[in-house]
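**Student:**
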Amino acid sequence: MAIASFIIHTTRQDLAGVKASLSQRRDATILPWESPPCLVAVIERPSKELERVEREFKATPGVLSVATAYLNIEDELGGEGAK
Amino acid sequence: MKKLRQFFTDTLNQITLGRKWLIIPMALAVLALAYFSYLSLAFSGTRCTWGQAQHGEVTDAQSDCYACHKKVTPKIAQDWNESKHGMLLVKCYVCHGLPDGKGAVPFSAKPDAKVACQRCHAPAIERMYTKFGVREGCNSCHGFHTNSLHHDAYAKSVSKQKAE
Amino acid sequence: MGCTRREFIKYSAAMAALTFLGYGCGRKEAEATPDTWVKGVCRFCGTGCGVMVGVRNGKVAMVKGDPNNHNKGMLCLKGALLASVINSPDRLTTPLIRKGGTLVKATWEEALDLTATRFKQTLEQFGPKAVAYYGSGQALTEESYLANKIFKAGLKSNNVDGNPRLCMASAVGGYVSTFGKDEPMGSYEDMDSANCFFIIGSNTSECHPILFRRLAARKQSDPSVKIIVVDPRLTNTARIADLHLPVVPGTDLALMNAMAHVIFNEELDDSKFHGKYVSFKAMVDGKPVEKSLEDYRTFLADYTPEKAAAICSVPAESIVQAAKLFANSSATMSLWCMGLNQRIQGVWANNLVHNLHLITGKICKPGSTSFSLTGQPNACGGVRDTGSLAHLLPGGRLIANQEHRNQMEEIWGLPKDSLNPAPGLFTTAMFAALGDTVRAMLVLCTNPAQSLPNVKKYTANLKKSTKFLAIIEAFADAETLKYADVVFPAAFWCEREGVYGSGERRYCLIEKAVASPGEARPSVNILLDLATRMGVDPKLIPFKNSADIWEEWREISAKSAYNFKGMTRERLRKTSGLLWPCPTEDHPGTKIRYSRGDDPMVPADHPDKYFFYGNPNGRANVWLRPHKPAAELPDAEYPFILTTGRVIDQWHTGTMTNKVPEIRKAFPAAFVEVNQEDAKRLGIANGDNVRLDTRRGSLVLSARVGEVCRPGLVFAPFYDAQKLVNELTVDAVDEASKQPEFKICAVRVSKA
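Chain order of the listed sequences is A, B and C. Take the first sequence: its position 37, counting from 1, is numbered 37 in my numbering, and each next residue is one higher. Take the second sequence: its position 33, counting from 1, is numbered 116 in my numbering, and each next residue is one higher. Take the third sequence: its position 344, counting from 1, is numbered 591 in my numbering, and each next residue is one higher.
1) Would residue 63(A) count as contacting chain C if we go by Cβ distances under 8 Å?
2) Alpha carbon to alpha carbon, how far is residue 711(C) from residue 121(B)? Give it in angstroms, no decimals.
3) Give the DSSP bridge partners of residue 480(C), in chain order.
4) Where does the unbroken beta strand (DSSP E) through residue 408(C) begin, and where does it stop?
5) Does residue 220(B) come within less than 8 Å of chain C when only Cβ atoms are used?
6) Do you know offhand how far residue 948(C)'s Cα is from residue 919(C)'s?
7) Residues of chain A with CB under 9 Å from residue 639(C), in chain order?
8) Would residue 342(C) pass as a contact of residue 734(C) if the rule is Cβ separation under 8 Å?
9) If you draw a straight line from the alpha carbon of residue 19(A) to that of residue 907(C), how long is it in whole angstroms?
10) Roughly how many whole angstroms lie between the Cα atoms of residue 349(C) and residue 729(C)?
11) Take every Cβ of the stretch 592 to 611 of chain C, pair it with every Cβ of the stretch 420 to 428 of chain C, and state whether three or more of those distances are shorter than 8 Å.
12) Check each residue of the stretch 18 to 48 of chain A: if its Cβ is closer than 8 Å to any Cβ of chain B, include it; give the result in chain order.
13) Start and end of the alpha helix (DSSP H) containing residue 211(B)?
14) By alpha-carbon positions, which one of 571(C), 990(C) and 998(C) ends up nearest to residue 591(C)?
15) Per the contact definition of three or more C-beta pairs closer than 8 Å, is the stretch 752 to 769 of chain C in contact with the stretch 360 to 371 of chain C?
16) Could you say which of 152(B), 156(B), 148(B) and 168(B) lies nearest to residue 229(B) if we only look at CA atoms?
17) Residues in its own chain within less than 6 Å of residue 916(C) by CB, not counting five upstream and five downstream?
18) Identify the residues that DSSP records as bridge partners of residue 936(C): which are they?
19) Hey, is residue 193(B)'s beta-carbon within less than 8 Å of any beta-carbon in chain A?
20) Under DSSP, the alpha helix (DSSP H) around residue 506(C) begins and ends at which residues?
21) Is it true that the CB of residue 459(C) sits closer than 8 Å to the CB of residue 181(B)?
22) Report yes if the C-beta distance between residue 477(C) and residue 442(C) is below 8 Å; otherwise report no.
23) Do we get a CB-CB distance below 8 Å when we pair residue 970(C) with the residues of chain B?
24) State the Cα-Cα distance for the pair residue 804(C) and residue 832(C), rounded to the nearest angstrom.
25) Would you say residue 277(C) lies against chain B (beta-carbon separation less than 8 Å)?
26) Pull out every residue of the stretch 147 to 166 of chain B whose Cβ sits closer than 8 Å to any Cβ of chain C, in chain order.
27) Can you name the start and end residues of the beta strand (DSSP E) that residue 617(C) belongs to?
28) Starting from the Cα of residue 696(C), find the closest Cα among 680(C), 707(C) and 387(C) and give me that residue.
29) What are the start and end residues of the alpha helix (DSSP H) that includes residue 247(C)?
30) List the whole-angstrom C-beta distance separating residue 257(C) from residue 3(A), where the pair is believed to meet the contact cut-off of C-beta under 8 Å.
31) Could you tell me which uninterrupted alpha helix (DSSP H) segments, each at least 4 residues in length, are contained entirely in the stretch 351 to 437 of chain C, listed from first to last along the chain?
32) Please determine, among 881(C), 630(C) and 289(C), the residue with the shortest C-alpha to C-alpha distance to residue 414(C).
33) Hey, how far is the Cα of residue 531(C) from the Cα of residue 509(C)?
34) Give me the residue from 566(C), 665(C) and 624(C) with the minimum Cα distance to residue 748(C).
35) Cα separation between residue 11(A) and residue 301(C)?
36) For residue 72(A), write down the residues that DSSP places opposite it in a beta bridge.
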């Protein structure tokens, strides 16, 4: 599983609505942020699915843009490269 | 997951209330950041930051913000293009800065009106201030990207459509 | 507060995101509130926007528009980002001397002594013709005036020229041959009352953005305002045009003669005006000959719209429409820039714009004016007005004219007939002679190794060991440094005080805001030191600083039509610029020249409303100028036309704009614009590498395919020092103005 965080930009008016719709996701932890109005989502999913997740975020009504802030796929690599 | 949520709530509470508890999340933050920067440095090829994930390396002359934002944020880009700012070529980076944050203008999706607008509109800001007192920003009334020139070519622009 | 490794990674993920949002140790928006604001002028183009320089802790923190200047607080993107230029780490901080092929640090004493010695030796050995000064439309007025005086009066060398020769010379030729005096008669304020704009050979929106803003605002306030844009490229300026004429480059003389033809044919001329205020003239066997209105109409009979349409490759109806819009509006303003000036027919093209205004009487009235835009911030005030060119003396005087020389000898306190009567070498001739008949050259505030046309030919001379080149420069990465023997670090922009004169005859004081870095010094002081060491008569240079020089120049101006005696230093400090003529300290400055009641040079009791006092008969000249083609036309081997120019972000050779990270990223490298039909035929896609070959050189640039260039035309900007587009351009010059034809040369285009 990969762990990634996204910054999801929205407007001040839509902030609550976006938070509500994103909070329904079980794979995400959502933190709303006031200024600039946006949300931070931490996602735990296989890395192959992350692009789809990002598209889903983008498709959420009220979302202006989605930016990837962090990505860790160490666990998916297993013990490769280790002793 | 619950723990993480708790962490956020704690952090927020402690920031807002300014308790001495602040030290714990701060320490954690420093640790986390150290780890994060270690990862960034160690695996620079695979790191994924705001600047790169969203913007990619600026490698050729095609990488004017507008050229790409026409595709990724078509509405915003088209609004700008048809607005006064677009007509007069007040380009993205004048107010928004550079995505890599290495420019003189701080990178921000929502620039600080106090600084960004001031460069050109200081007299107007002063007039507005005298008339109406302090307002939150200029954008609530004067759309940065939607204040159009009234001309046939801009009949499609958003502000004009709204007016009609 | 224990947590597993996985949780820790999640915290990291969250923190990484929060960091970008400004939490924790994330960067906060810089609250750069300056301590003081100092008034100045923008360092870039000839628009001359007023700026307020915000200083914090002795550093330039921010630049904003001056609300009291003509730009009313507005700045274009370059002006708004000026702080990055002056704060650049790439500044020269010590003098440099070339030793064993490389430039090494030196003391001021060493650099000044070496330069003065080399100049003195050259003067003794080869005479005054062997020394030269190459100045700039970016130097302060005081610097240009001083250098001009040192060389022409002190060293008796008329080899004083400058980059305005590459930029403004044809406009000077146009104004002088038509009106007898240089500089526009109108001001930017005319834009607020014009009902028709005739923009020809100017991409105003990218090269003079704040003026474009003003005319766009005019168009917005009154949709009946018409804008005609004549440009072979569909530029951003053309976006607001009602009529865009994409003529073949170099055919605009035919276009403007055809417009005059239509104006007479449709009886849209103002016979009252041209009957009273205009003389018709033509050159016959190299001499000006008086002609009649009938002669002019006979001459124009050859330029039917149909014939011009075939030459220019635009519809005849569009030419008729342009002529009608021009003549039918209540006030028409023409604007042009390098598209007309950088041509071997530059002066003629300028004359033909003036012709259109003179035959329709649309001149010297609010909103009606024939206005040449300027490329550099102080080409007008600093170089044209002070006469810092090879054929000029201050105040519009000519070296070839004995009476003018005698006037200057008296003013400068020189013995009669002591000034050198032979005009000096103009720019390209000066660099062609470098290392041969010209042995020592001083370059101030410009970058000729990038900006000269057909530049490889001249850099070959710059490499010669028989030449000595000293340059006064602020930036360590200017191309010309590669060829310099001595480099003096100059104080930049608002690190010293001085006057800039913009395109509308507005003189404005740049006040000193910050200290210069390292050992950099104001150019005025460098010039004074050099002159003293070269043995120039101390009585000629009794100056300590730029304010002293301004006092002398101000006094002298009263003895010419460029009278600005009323602009004392104190007054300039208080105002955001004044427009000359301004003869007395209570005079508000002049918005319209040659008009009784507006121009103080026209006597209040003059019998006529308009008086073109520059010409002996008091009339302006309408010149009969036939269409002539460019120096190098496309042929089977080189089938395309290459034109060069600028983009809004970058300015000239990029030594300043490339210091701004935002700009460097937006326009890192030169490119070539290709028409989409041509591209399809040649198999070129957007972003492909394209090879340009001319008779002088080759260059590979990345392609921008689109509809900007008309078919058969390619465009490349000249700011990129890594891709010197000027290695391709021709150095053929206008016969009268000696300005090179940067705008047109034949090129072969192929996929690289």
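Just so you know, even glycine gets a beta-carbon here, dropped at the ideal spot from N, CA and C. This structure is a prediction, so every number in the text was calculated from the model and none was measured.
**Tutor:** Checking against the coordinates, here is how it stands:
1) The residue given as residue 63(A) occupies position 63 in the first sequence. No, its Cβ sits nowhere closer than 8 Å to a Cβ of chain C.
2) In the second sequence, residue 121(B) corresponds to position 38, counting from 1. In the third sequence, residue 711(C) corresponds to position 464, counting from 1. Confidence is the limiting factor: at residue 121(B) the pLDDT is only 46, short of 50, which leaves the residue's position unreliable and the question unanswerable from this model.
3) Residue mapping note: residue 480(C) aligns to position 233 of the third sequence, counting from 1. BP columns for residue 480(C) point to 956(C).
4) Counting from one through the third sequence, the residue named residue 408(C) turns up at place 161. That run of the beta strand (DSSP E) goes 407 to 409.
5) Here residue 220(B) corresponds to residue number 137 of the second sequence, with the count starting at 1. No, residue 220(B) does not count as interfacial toward chain C.
6) Here the question's residue 948(C) lines up with position 701 in the third sequence. Here the question's residue 919(C) lines up with position 672 in the third sequence. Each residue's alpha carbon lies about 6 Å from the other.
7) Within the third sequence, residue 639(C) is the residue found at index 392, counting from 1. None at all; the shortest Cβ gap to chain A is about 57 Å.
8) Against the third sequence, residue 342(C) aligns to sequence position 95. Against the third sequence, residue 734(C) aligns to sequence position 487. Yes. Within cutoff.
9) Position 19 of the first sequence, counting from 1, holds the residue named residue 19(A). Position 660 of the third sequence, counting from 1, holds the residue named residue 907(C). Going by the C-alpha atoms only, they are around 39 Å apart.
10) Within the third sequence, residue 349(C) is the residue found at index 102, counting from 1. Within the third sequence, residue 729(C) is the residue found at index 482, counting from 1. In a straight line, the C-alpha of residue 349(C) is about 9 Å away from that of residue 729(C).
11) In short, these stretches touch, since the Cβ pair count reaches three.
12) Cβ proximity to chain B below 8 Å picks out 29, 31, 36 and 42 from the stretch 18 to 48 of chain A.
13) For the purposes of this step, residue 211(B) is taken as residue 128 along the second sequence, with counting starting at 1. Here the alpha helix (DSSP H) through residue 211(B) covers 201 to 215.
14) Position 344 of the third sequence, counted from the first residue, corresponds to residue 591(C). Considering only alpha carbons, the answer is 990(C).
15) The stretch 360 to 371 of chain C makes no contact with the stretch 752 to 769 of chain C; the number of CB pairs closer than 8 Å stays below 3.
16) Here residue 229(B) corresponds to residue number 146 of the second sequence, with the count starting at 1. Cα-wise, what sits closest to residue 229(B) is 168(B).
17) As a position in the third sequence, residue 916(C) is number 669, starting the count at 1. Annotation for residue 916(C): 967 place their beta carbon closer than 6 Å to its own, counting only its chain and skipping 5 residues before and after.
18) The count along the third sequence starts at 1 and reaches residue 936(C) at position 689. Bridge partners of residue 936(C): 949(C).
19) Translated into the one-based positions of the second sequence, residue 193(B) becomes position 110. Output row for residue 193(B): interface = yes.
20) Here residue 506(C) is taken as the residue at index 259 of the third sequence, counted from 1. Counting along the chain, residue 506(C) sits inside the alpha helix (DSSP H) bounded by residues 499 to 512.
21) Walking along the second sequence from the start, residue 181(B) turns up at place 98. Walking along the third sequence from the start, residue 459(C) turns up at place 212. The answer is no: Cβ separation not under 8 Å.
22) Along the third sequence, read from residue 1 onward, the residue named residue 477(C) stands at position 230. Along the third sequence, read from residue 1 onward, the residue named residue 442(C) stands at position 195. Taking 8 Å as the Cβ cut-off, residue 477(C) and residue 442(C) do not qualify as a contacting pair.
23) Reading the third sequence from its first residue, position 723 is the one you call residue 970(C). Cβ-Cβ to chain B under 8 Å: no for residue 970(C).
24) Here residue 804(C) is taken as the residue at index 557 of the third sequence, counted from 1. Here residue 832(C) is taken as the residue at index 585 of the third sequence, counted from 1. Looking at the two C-alpha atoms, the distance is approximately 14 Å.
25) If you number the third sequence from 1, residue 277(C) lands on position 30. In this prediction, residue 277(C) has a pLDDT of 45, which is less than 50 and means its spatial position is unreliable; what the coordinates show is noted afterwards. Interface flag for residue 277(C) against chain B is set, since a Cβ pair is found closer than 8 Å.
26) The stretch 147 to 166 of chain B vs chain C, Cβ under 8 Å: 147 and 148.
27) On the third sequence, residue 617(C) is found 370 positions in, with the first residue counted as 1. DSSP places residue 617(C) in the uninterrupted beta strand (DSSP E) bounded by 616 to 619.
28) The count along the third sequence starts at 1 and reaches residue 696(C) at position 449. It is 707(C) whose Cα lies nearest to the Cα of residue 696(C).
29) The structure shown does not extend to residue 247(C), since chain C is modelled only from 248 to 999, so the question has no answer here.
30) In the third sequence, residue 257(C) corresponds to position 10, counting from 1. In the first sequence, residue 3(A) corresponds to position 3, counting from 1. Contact flag correct, Cβ pair sits at about 6 Å.
31) Segments of the alpha helix (DSSP H) lying fully in the stretch 351 to 437 of chain C: 355 to 373, 388 to 396 and 416 to 426.
32) Your numbering for residue 414(C) matches position 167 in the third sequence. If you compare the alpha carbons of 881(C), 630(C) and 289(C) with that of residue 414(C), the shortest gap goes to 630(C).
33) Start at 1 with the first residue of the third sequence, and residue 531(C) comes out as number 284. Start at 1 with the first residue of the third sequence, and residue 509(C) comes out as number 262. Rounded to whole angstroms, residue 531(C) to residue 509(C) spans 25 Å at the Cα level.
34) Here the question's residue 748(C) lines up with position 501 in the third sequence. With respect to the C-alpha of residue 748(C), the residue from 566(C), 665(C) and 624(C) having the closest C-alpha is 624(C).
35) If you number the first sequence from 1, residue 11(A) lands on position 11. If you number the third sequence from 1, residue 301(C) lands on position 54. Each residue's CA atom was taken as its position, placing residue 11(A) and residue 301(C) some 33 Å apart.
36) To locate residue 72(A), count along the first sequence from 1; it is residue 72. Partner(s): 3(A).
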